[in-house]
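Residue numbering for the sequence shown is 1 to 285, as defined by the UniProt record's numbering.
All remarks here apply to the structure that follows.
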Amino acid sequence: MGEPSYANIRDQVDDFYISALSNGDKRHDLIPISDENYAMELQLQEVLFSSITVSPKPVKIVRECRSSSSSSSSSSQAGQLFCKICMETVSASDLFKTSKVCSHVFCRDCLSCYLGTEIQENIWAVRCPEENCKAVLEPGMCQELLPSEVFKRWESALCESMVLGAQKIHCPFKDCSALMLHDADETVTRSECPSCRRFFCAACKVAWHSGLSCEEVGKLGEDEKGKEDLLMMQMAKEKKWRRCPRCKYFVEKKDGCLHITCRCRFEFCYGCGKMWDITHASCST
């Protein structure tokens, strides 16, 4: 039903006003009234007119409120996006972009877990988690998502994979293990690690063995190539000590013949270090 127009309201008031002046006669003949009564009737007309008129302002206010509410809801939704890993809607501030090549974003927690799993499985060229996306995640953009140890491992592995054609040498010291490249043809022995500044043998992959040849070091057991072990071997060579072939214990001869009986009861030649027999009586090695 439509709202009453101003003209209709005015006609209704005029009709009411005329009927009020008819003095109740069924013939509706007009009769004269006093000025006082006429003034009262005019006031009555104004009251009736103001009570029937409907103001459009409340409707306008309601519409403005609805529009404002809709705008606020749209703005709230615009601040949230969907993460395809955890399948949840998260705020835009929690989302992370991993590559300049693609525009895919994921929440930080999911991406951190995804990266850590890939690196743990020795997958260095980590691709974007988005299905069918071939973009490779950039370490520089993802550094803040990973612990420093994991990120360093990832970075080192990427560098190593880029130089597969070159010979790779690692610093033998366990507290360093820096990666170095050797692309020359000649054999390298004494080298200095650019990271920890300590010397090592690139051929033997042990700490530098001054006074010992690579062949002598090669005869040592894997548990005898530590820095302290090599120093002991160097000192033994300088002092001309001999090592028992059986128990590996060093002995020093003060005087007497070359026939040595070790504390383990093994007999060997002090001259050449081999097991003793009659032919070593005149050994001059």
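Even glycine gets a Cβ: it sits at the ideal position worked out from N, Cα and C.
Closest by C-alpha distance to K254, out of R265, R263, W241, K248, is W241. Per DSSP, the beta-bridge partners of T89 are F82. With a cut-off of 8 Å on Cβ pairs, the segment 97-109 is in contact with the segment 133-142, counting three or more such pairs. Within the segment 164-193, the complete beta strand (DSSP E) segments at least 3 residues long are 167-170, 179-182, 190-192, listed from N- to C-terminus.
Counting only the Cα atoms, L181 lies some 11 Å from C193. By the Cβ test, the segment 190-210 is in contact with the segment 223-241, since at least three Cβ pairs between them sit closer than 8 Å. Within its own chain, the residues whose Cβ lies closer than 7 Å to the Cβ of K237, once the five positions on either side in sequence are excluded, are G211, L212, listed in chain order. Taking the C-beta atoms as reference points, L81 is found no nearer than 8 Å to R108. Inclusion of E130 and H104 in the CB contact set at 8 Å is warranted, their separation being smaller than that value. When the five nearest sequence neighbours on each side are left out, the beta carbons in the same chain lying within less than 6 Å of the beta carbon of G273 are those of R242, in order along the chain. Counting every other CB atom within 10 Å of its CB across the protein chains shown gives C257 a total below 16, marking it as exposed. Counting only the Cα atoms, F173 lies some 10 Å from F199. Shortest Cα-Cα distance from K239 to any of P245, E222, R246, V251 involves V251.
Put simply, the backbone Cα of C171 is about 7 Å away from that of L179.
By the Cβ-count criterion, C201 is buried, with 16 or more other Cβ atoms from all chains shown falling within 10 Å of its own Cβ. A buried status is given to V217, since no fewer than 16 other beta-carbon atoms sit within 10 Å of its beta-carbon. In the three-state reduction of the DSSP assignment, K97 falls in the strand class. Shown here, I123 sits in coil according to DSSP, grouped into three states, outside any helix or strand. Residues of the same chain with a CB within less than 8 Å of the CB of C176, apart from the 5 flanking positions on each side, are C193, S195, C196, R198 in chain order. The beta carbon of S161 lies closer than 7 Å to those of W124 in the same chain, with the five residues before and after it left out.
Listed in chain order, the non-local C-beta contacts of D94 below 7 Å within the same chain comprise C107, R108, local neighbours out to five positions each way being set aside.
Scanning its chain for C-beta atoms nearer than 8 Å, with the 5 sequence neighbours on each side dropped, one finds around M141 the residues K97, T98, S99, K100, in chain order. In this structure M233 is buried. Its beta-carbon is surrounded by 16 or more other beta-carbon atoms within 10 angstroms. Here DSSP, grouped into helix, strand and coil, assigns F151 to helix. Considering only V126, K168, C133, G116, the residue with the shortest C-alpha distance to S148 is G116.
For H104, the three-state secondary structure derived from DSSP is coil.
Residue pairing for I260: DSSP places it in a beta bridge opposite F268.
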